[in-house]
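Peer 1:
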Amino acid sequence: VDFLLREMVGGELAEEVDKFRFITVNRYLARIEKKTARFFQVACELGGDFAAFPPKIRTELGEFGRKLGLAYQLFDDLRDLTGDGKTGGKPVFQDLKNGVLTLPLLLISDQPGFDEVLAEVQAKGKVLPGHRKAIRKWLVARGVPAEVKSLIYQYCREAKVQITNLNLPQTPYLCDFVDGLFDPKGIQLR
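Oh and the sequence shown: position 105 is 428 in this note's numbering, straight run, nothing missing.
Structural data, given as C-alpha cells:
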C-alpha cells in the first residue's frame, strides 16, 4: 500500500508539472496510471484484505481495480469535454481551465488554432464559449469520442476478464457493476 500511495502522489505531482504543457500520450497514460488507476487498485486490494482473501487474490483484485481506474479516468476526461455539466454532477471543461491536458485534448492538439485557444485559456483563467465550440468541433472532426470510448471499453473488458478469472462468488456482481458503471449519455456531444 505504501508503494501505491507514493505512486499516487507522484501522479498528482506530474499533473501539476504538466499544466498547460503538451505531453505525449504515453506520459498522459503513465500519469493516470499512477494517479487514478492506483487509487482504484488500492481500494480493491484493501477490500480483498478486509474480506481476508489470500495475497494472490488481493493482488488480482488490485489489478481489476487498476484497469477499472484507467477506464474511469478516460470516461471522466471525455465527459469533461462532451458532457452538459448536469450529467455527472460537475461543470464541464474544468480540466482545460485548470491546465490539465487530457487524452481527448492531446488527440486534437495538432488542430490549427488549438495553440491559440490554449494560450487564451491560460491567460484568462477560463474557457470561453467560443473555445468550447471549437474544441467540440475538433473532437468530432477527429473522431475522438469514438476513439476514447473504444479505449474505455477495452479497459472494462480487461477488468472483467481479470475478475472472471478469479471465479469468486462476487464475480457476477462485479461484472454487472463494470457493465453499468459508464453511462454513455455522459459522453455525448450536445
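Glycine is no exception: its CB is placed at the ideal position from the N, C-alpha and C atoms.
So which of Phe500, Arg344, Arg480 and Phe326 has the shortest CA-CA distance to Leu426?
Peer 2: For Leu426, the nearest C-alpha among the options comes from Arg344.
Peer 1: Flag this pair as yes or no: are the beta carbons of Leu430 and Val463 separated by less than 8 Å?
Peer 2: For Leu430 and Val463, no; Cβs fall outside 8 Å.
Peer 1: What did DSSP end up calling Gln485 once you bin it into helix, strand or coil?
Peer 2: Residue state, collapsed to three classes: helix.
Peer 1: Would you tell me roughly how many angstroms separate the C-alpha atoms of Leu451 and Glu386, rounded to the nearest one?
Peer 2: Rounded to the nearest angstrom, the two C-alpha atoms are 39 Å apart.
Peer 1: Can you tell me whether Ile346 is helix, strand or coil according to DSSP?
Peer 2: Coil.
Peer 1: So the alpha helix (DSSP H) Ala394 belongs to, where does it begin and stop?
Peer 2: Note, Ala394: alpha helix (DSSP H), Pro378 to Thr405.
Peer 1: Kindly indicate the opening and closing residues of the alpha helix (DSSP H) around Gln417.
Peer 2: Its alpha helix (DSSP H) spans residues Gln417 to Lys420.
Peer 1: How far does the alpha helix (DSSP H) with Ile544 in it reach, from first residue to last?
Peer 2: Nothing in the structure corresponds to residue 544, since the chain is present only between 324 and 513.
Peer 1: Could you round the C-beta distance between Asp372 and Asp400 to whole angstroms and report it? I think they count as a contact, below 8 Å.
Peer 2: 30 Å between Cβ atoms; not a contact.
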